[in-house]
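A.B. asks:
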């Protein structure tokens, strides 16, 4: 089962719903594997069209995007662990 993750409340609800309906009822004998996917935006996509000074800003934006992605992944791991003791077999993919 594949679930896309981001930092929205809607996503948190969707992941909780998936865990409650497809993983929690089966305790540790889950009939499914869970794959979580998060796509990190590129720095240039996050700031839009580059202009003068963009080269100096892009590394800062990229570092911030990586921190956000790490928070999203950690939140999902905690939720999976809390809700159903699910081990994440998933691939956490980040676009570059």
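In the numbering used here, the protein residues as written are 33 to 128. Every residue gets a Cβ at the ideal spot worked out from N, C-alpha and C, and that includes glycine. These figures come from a predicted structure and were not determined experimentally.
1) Taking only runs that begin and end inside the segment 64 to 104, name each unbroken alpha helix (DSSP H) of 4 or more residues, in chain order.
2) Among 35, 42, 92, 104, whose alpha-carbon lies nearest the alpha-carbon of residue 24?
3) Does the segment 108 to 115 come close enough to the segment 42 to 49 to have 3 or more Cβ pairs within less than 8 Å?
4) Let me know the secondary structure DSSP gives residue 127 once reduced to three states.
5) Assuming residue 39 contacts residue 105 under a Cβ cut-off of 8 Å, what Cβ separation, rounded to an integer in Å, is found between them?
6) Rounded to a whole number of angstroms, what is the C-alpha to C-alpha distance between residue 52 and residue 89?
7) Is residue 55 buried or exposed, if buried means 16 or more other CB atoms sit within 10 Å of its CB?
8) In whole angstroms, what separates the C-alpha of residue 78 from that of residue 101?
9) Report the residue from 67, 62, 33, 73 whose alpha carbon sits nearest the alpha carbon of residue 98.
C.D. replies: So, to answer that:
1) Those alpha helix (DSSP H) runs which fall completely within the segment 64 to 104 and span 4+ residues are 75 to 79.
2) Because the chain spans 33 through 128 in this model, residue 24 falls outside it and cannot be assessed.
3) These segments touch.
4) Here residue 127 is taken as the residue at index 95 of the chain shown, counted from 1. Below a pLDDT of 50, predicted positions are generally treated as unreliable, and residue 127, at 41, falls in that range; the measurement from the model is reported next regardless. In the structure shown, residue 127 falls within a coil segment according to DSSP collapsed to helix, strand and coil.
5) In the chain shown, the residue the question calls residue 39 occupies position 7. In the chain shown, the residue the question calls residue 105 occupies position 73. With a contact defined as Cβ atoms closer than 8 Å, residue 39 and residue 105 miss out at about 10 Å.
6) For the purposes of this step, residue 52 is taken as residue 20 along the chain shown, with counting starting at 1. For the purposes of this step, residue 89 is taken as residue 57 along the chain shown, with counting starting at 1. Rounded to the nearest angstrom, the two C-alpha atoms are 42 Å apart.
7) To locate residue 55, count along the chain shown from 1; it is residue 23. By the 16-neighbour rule on beta-carbons within 10 angstroms, residue 55 is buried.
8) Indexing the chain shown from 1 puts residue 78 at position 46. Indexing the chain shown from 1 puts residue 101 at position 69. When the Cα atoms are used, residue 78 and residue 101 turn out to be separated by approximately 13 Å.
9) By one-based count along the chain shown, residue 98 stands at place 66. Comparing Cα-Cα distances from residue 98 to each of 67, 62, 33, 73, the minimum goes to 73.
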